[in-house]
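Below is one structure, written out as structure tokens; comments come after it.
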């Protein structure tokens, strides 16, 4: 399967603990995105990378959140000192940076569901 | 600030019916619009992408239209099947600089056998 993969699929943690999620994009895609989705809502943009460079961060990404993509391949999203409000589905997507037709499509992974007790 | 709205929030129809899902956006200066499907507890599957210069896209029983001037898109599903039951979300990108997607909250579709 050459799609976007995420690990773990589910994470239950206690408030105050740190958690780290991993995303492996489609191999030829140089753009990688992180989104957060709460129940009954559409995803909210968190951050994105062009290769290893983090080019934009949402104001939703507080100081407790950090994302990396050290070699321009997989990415990690870490949440420090988790709070109950962090409970959500964390989605990763990847895309090419451009196509000749201009139609850049994002492909999503299955997500990591975080529950903070 | 771009806002994306999907109405209705939920829809239940008998199998075999044709149906239309609606998506509206407040800022017409979009680059792309995508329709996605999400099954319960799962990630998102891209269905159709319409570039701002296009009016519609078709894939099998699905047809998506785009009217930028009125800030509207529709997703038409022909001959609905129980397997079409899912939440359908639309998302727009502002420009070609980062392709950040702004999302609607989705329409939960139930197809009754």
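Residue numbers (this note's numbering), protein chains in the order written: chain A, 1 to 117; chain B, 1001 to 1113. Quick reminder that beta carbons are idealized off the backbone N, C-alpha and C, glycines included.
Chain B contact for residue i (CB, 7 angstroms cutoff)
i	result
residue 72 of chain A	no
residue 65 of chain A	no
Neighbourhood of residue i by C-beta distance below 8 angstroms, restricted to the same chain and skipping five residues each side
i	result
residue 19 of chain A	11, 13, 78, 79, 82, 114
residue 26 of chain A	2, 3, 4, 94, 107
residue 97 of chain A	30, 31, 50, 104
Contact set for residue i: own chain, Cβ-Cβ below 7 angstroms, skip 5 residues either direction
i	result
residue 1012 of chain B	1110, 1112
residue 1100 of chain B	1093, 1094
residue 86 of chain A	79, 114, 116
Partners in chain B for residue i, counting only beta-carbon separations shorter than 9 angstroms
i	result
residue 170 of chain A	Because chain A is modelled from 1 through 117, residue 170 of chain A falls outside the range shown and cannot be assessed.
Proximal chain A residues relative to residue i, where beta-carbon distance stays under 7 angstroms
i	result
residue 1043 of chain B	91, 108, 109, 110, 111
residue 1089 of chain B	42
Where residue i meets chain B, residues with beta-carbon distance less than 7 angstroms
i	result
residue 28 of chain A	Those within 7 angstroms of residue 28 of chain A in chain B number zero; the least Cβ separation is about 16 angstroms.
Cβ-based neighbour list, residue i, same chain, cut-off 6 angstroms, excluding 5 preceding and 5 following
i	result
residue 38 of chain A	88
residue 1102 of chain B	1002, 1004, 1092
Residues that residue i contacts on chain A, provided the C-beta gap is smaller than 9 angstroms
i	result
residue 1100 of chain B	33, 45, 48, 56, 58
residue 1034 of chain B	105, 106
8 angstroms Cβ cut-off: residues of chain A touching residue i
i	result
residue 1046 of chain B	105, 106, 107, 108
Bridge partners - residue i, DSSP secondary structure assignment
i	result
residue 1001 of chain B	The partner list for residue 1001 of chain B (beta bridge, DSSP) is empty, contrary to what the question assumes.
residue 1014 of chain B	B:1112
residue 4 of chain A	DSSP output for residue 4 of chain A lists no bridge partner at all.
Task: Touch test, the stretch 1067-1085 of chain B against the stretch 15-35 of chain A, Cβ-Cβ under 8 angstroms, three pairs minimum - done: no
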